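The opening residue of the sequence shown carries number 87 in this note's numbering; numbering runs sequentially from there. Cβ atoms here follow ideal geometry from the backbone N, Cα and C, with glycine treated the same way. A quick note: this is a predicted structure, and the numbers were derived from the prediction, not measured. Structure record follows, encoded as C-alpha cells.
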Amino acid sequence: MTSSFSNLSLAEPLARAVAEMGYETMTPIQEQAIPVVLAGQDVMGAAQTGTGKTAAFSLPLLQRMLKHENSSTSPARHPVRALVLLPTRELADQVAQQVKLYAKHTQLRSAVVFGGIDMKPQTLELKKGVEVLVATPGRLLDHIEAKNAVLNQVEYVVLDEADRMLDIGFLPDLQRILSFLPKQRTTLLFSATFSPEIKRLAGSYLQNPVTIEVARPNETASTVEQHFYSVSDDDKRRALKQILKQRGLKQAFVFVNSKLGCARLARSLEREGLNTTALHGDKSQDERLKALAAFKAGEVDLLVATDVAARGLDIKDVPAVFNFDIPFNAEDYVHRIGRTGRAGASGLAVSFASGGNDVRLVADIEKLIKKKIELEPIEFEEDRPRGRINDGRRHWRDEGEAGDARDVLDQPRERSEARPVRSGRPHRAPATPRDPFFEQPYETPEREAAPAWEAAAKTTPSRGISSNIKSKRKVPALFKTAAQPN
Ligand code: AMP
87 MTSSFSNLSL AEPLARAVAE MGYETMTPIQ EQAIPVVLAG QDVMGAAQTG TGKTAAFSLP
147 LLQRMLKHEN SSTSPARHPV RALVLLPTRE LADQVAQQVK LYAKHTQLRS AVVFGGIDMK
207 PQTLELKKGV EVLVATPGRL LDHIEAKNAV LNQVEYVVLD EADRMLDIGF LPDLQRILSF
267 LPKQRTTLLF SATFSPEIKR LAGSYLQNPV TIEVARPNET ASTVEQHFYS VSDDDKRRAL
327 KQILKQRGLK QAFVFVNSKL GCARLARSLE REGLNTTALH GDKSQDERLK ALAAFKAGEV
387 DLLVATDVAA RGLDIKDVPA VFNFDIPFNA EDYVHRIGRT GRAGASGLAV SFASGGNDVR
447 LVADIEKLIK KKIELEPIEF EEDRPRGRIN DGRRHWRDEG EAGDARDVLD QPRERSEARP
507 VRSGRPHRAP ATPRDPFFEQ PYETPEREAA PAWEAAAKTT PSRGISSNIK SKRKVPALFK
567 TAAQPN
C-alpha cells in the first residue's frame, strides 16, 4: 500500500517542492519513516540508495526546522541545526542537491562540505551560516578544528550509509563529531545491514529508536527487458554498437568488472566516435563529479563504470544498461540493472556472456532473480572484413580489443574494484554464432569495391558524434535530481 504525500500535512513550501519533483506516492521507506521523524523519534533504518531514503529523512527534518526559518543576514541567526553525514563525496554531493531542492521554497540554508577540494569556498559558505550541513566526516572535522563549523545547536543528525562509514574506518571521526553535539537531539541512522558494529553504534548514540527495514529487492523490475547474449570478447564492442543503433538508444550505462577494463573500453569507444566517459576509482573526485554531471545533462552518451565507482550514485532512469562484463557478484547485477526501468518507465538491460566464468555467473544471477535466463546468439548486421588486415588499413578490431577483454577478465584482482572470481570446475563456453567467413577460402579483396567497414567508417567520425548517437541533448526528465537551483 502506498500513500500520497498529501496525507502528511507537509508545510506548503515543502509540499510544493515535492509536487515539483513529480513525486506522487511515497516510497515504502518514506511511508514508514516520515511520520516517525515528524514525531521526533530516533530511527534506525535499513534502506539503500534508490529507495527514496533521502526524502524520507530530509522532508520531516526540514518540516521540523521551519520554526527556525528567517531572512536575517546575520550568521548568528543561521546556526547549524541539522547535520547529515555520509561516507563519500559523491553521496554527500547528491544528498545536498536533493536537500536544496526540497528546501527551495523555504528560507532554510544548506551547504555541503567534503574533502579533496579547496576548503576556502566551503569556509565562506559556513561563515555565512547554514541550517542544514551535509558532510563527510574527515572534512567536517577539519572545519570544526578551524572553527568554521559549530555544532552545539544541532537538533538532528543523520548517519547515512553508516555501514560504509564504518567500513572506511570513520568510526573514530564519527565518535568525535558526535561528541560535539547536544545530547538532546533526534538521531537517524541508515545502513544497508544491521551488523553487530552498527547495532553497537546505534546502542551508543540512538535513544529508543524505531527500527524500519525496507528489504533490498532481489527481484528485478518487470519493466526492465533483460537480454543475455552469447558474444565472444572480440565481438562485444561491435554488439554494443549494434544494439545501441538498432534500439535507437540515446544514452546507456556500460558496466565492466575492473578499473583497467573500464578506462580501456571508454577510450576505445571514444576513438570510435561514441561520446564516452569512464567512471572508476582512479579518477579524481573532480573528474568523477564532472563525468556524472555531463551524463545527467545529456552531454555524454555512454558512461562506462565499475560497480564500486557507480555504487550509491544517483544515476537512474537510464534508457539502457549494458553488462559488458557479467558481474562477479549476482547482487551487483540487480543493482546495475536497477538503474533502468524505474518508476514504470521501460528499460533495457543487456548482458554479454563470453564463456570463461560467465556461465557460472549467469547461473548465479538466474538463482538470485528467480527467472530463467536464455543465452541468445547475436546476429550481426553485416560481416566483418576479416580477410583485409593485410591491406595496411586498420579495422577497429585491430586496436587491441582482444587484449582489452583479457585484461578485464584475466587480470589479477585490482584492489577495491574487482570482486573475487569464483573458482570452479571448467565448463563449456556458451556457443557463439558461426561466422560464414570461416567456411570460405581466403580471396584477395577486390580493390575497386570499397570495403564494408570503410563505408561504415564514413558515417562514423573518429571523434565526436556517431550517426546513431547524438550529443548535447538535454534529458533532465530522465533524472529527477538533474535540475539544481543556484
Ligand atoms: P534516494 O534513495 O534518496 O537516493 O532517492 C532515489 C531517487 O528517487 C531520487 O532521484 C529521488 O529524487 C527519487 N524519489 C524519492 N522519493 C520519490 C518518490 N516518492 N517518488 C518518486 N521518486 C522519488
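What residues in its chain sit with their C-beta under 7 Å from that of residue i, if we drop five residues either side in the sequence?
i      : result
THR113 : THR137, GLY138
ALA142 : ILE115, GLN116, ALA119, ILE120
With a CB to CB cut of under 6 Å and the five nearest residues on each side skipped, what residues in its chain are close to residue i?
i      : result
ALA352 : THR362, ALA364, VAL390
LEU124 : PRO146
VAL386 : ASN361, THR363, ALA380
VAL340 : LEU388, VAL390, PHE408, PHE410
PRO173 : GLU247, ARG250, MET251, ILE254
GLU529 : Low local confidence applies: a pLDDT of 32 at GLU529 is under 50, so the model's placement there is unreliable, and no value is given.
VAL296 : VAL122, GLN127, VAL129
THR140 : VAL181, GLN184
ALA395 : LEU365, HIS366, GLY367
GLU311 : LEU434
Tell me whether residue i is buried or exposed, calling it buried when 16 or more other Cβ atoms sit within 10 Å of its Cβ.
i      : result
PRO268 : exposed
GLY126 : exposed
LYS51  : Coverage of the chain is limited to positions 87 through 572, which leaves residue 51 absent and any answer about it impossible.
ASN476 : Since pLDDT at ASN476 reaches only 32, below the 50 mark, its modelled position is unreliable, and the value read off the structure follows with that caveat. Looking at its Cβ environment, which holds fewer than 16 other Cβ atoms inside 10 Å, ASN476 is exposed.
ALA232 : exposed
GLY384 : buried
ASN409 : buried
ARG357 : exposed
SER370 : exposed
VAL236 : exposed
GLY289 : exposed
ALA162 : exposed
LEU210 : exposed
PRO223 : buried
ASN294 : exposed
GLY424 : buried
Please list the terminal residues of the continuous beta strand (DSSP E) segment that includes residue i.
i      : result
PRO161 : Counting along the chain, PRO161 falls outside any beta strand (DSSP E), and DSSP gives it neither H nor E.
GLN312 : 310-316
ALA105 : That residue, ALA105, is in no beta strand (DSSP E); its alpha helix (DSSP H) goes 98-107.
THR279 : Looking at the DSSP string, THR279 is not in any beta strand (DSSP E), and its letter there is neither H nor E.
MET130 : 129-132
VAL240 : VAL240 -> no beta strand (DSSP E), and no H or E assigned at all.
Is residue i near the ligand AMP, in the sense that its beta carbon is under 8 Å from a heavy atom of that ligand?
i      : result
LYS186 : no
GLU110 : yes
GLY138 : yes
ALA141 : yes
THR362 : no
GLN180 : yes
THR426 : no
THR309 : no
GLN134 : yes
THR113 : yes
GLN328 : no
PHE91  : yes
MET107 : yes
GLN239 : no
GLN118 : no
Roughly how many angstroms separate the alpha carbons of residue i and residue j, rounded to a whole number?
i      : j      : result
PRO463 : LYS456 : 22 Å
ALA189 : ALA278 : 26 Å
GLN574 : LYS214 : Because the chain is modelled from 87 through 572, residue 574 falls outside the range shown and cannot be assessed.
THR192 : LEU152 : 8 Å
GLU106 : PRO99  : 11 Å
ASP403 : ALA248 : 26 Å
THR546 : ALA406 : Any reading at THR546 must be qualified, since the residue scores a pLDDT of 36, below 50, and its modelled position is unreliable; the value itself is stated next. For THR546 and ALA406, the distance between alpha carbons rounds to 21 Å.
GLY367 : LEU274 : 29 Å
LEU169 : LEU461 : 48 Å
ARG323 : LEU330 : 11 Å
LYS336 : ASP321 : 21 Å
ALA377 : LYS345 : 15 Å
PHE91  : TYR315 : 42 Å
ALA439 : THR309 : 22 Å
GLU176 : LEU375 : 7 Å
TYR291 : LEU257 : 12 Å
GLY441 : PHE466 : 19 Å
Span of the alpha helix (DSSP H) holding residue i?
i      : result
ILE459 : Per DSSP, ILE459 belongs to no alpha helix (DSSP H) and is neither H nor E.
PHE91  : Per DSSP, PHE91 belongs to no alpha helix (DSSP H) and is neither H nor E.
GLU247 : First-last for GLU247: undefined, no H or E at that position.
ILE455 : 444-455
ARG199 : Here residue 199 turns out to be Val, not Arg, going by the sequence shown. That residue, VAL199, is in no alpha helix (DSSP H); its beta strand (DSSP E) goes 196-199.
Looking at chain C, is there any beta carbon in it that lies within less than 9 Å of the beta carbon of residue i?
i      : result
PRO223 : You won't find chain C in this structure, because it holds only one protein chain.
Considering only residues of the same chain and omitting the five flanking positions on each side of residue i, which have a CB-CB separation below 8 Å?
i      : result
ARG167 : MET151, HIS154, GLU217, VAL218, GLN239, VAL240, GLU241, TYR242
ARG422 : PHE339, PHE341, ASP393, ALA396, VAL407, ASN409, PRO413, ALA435
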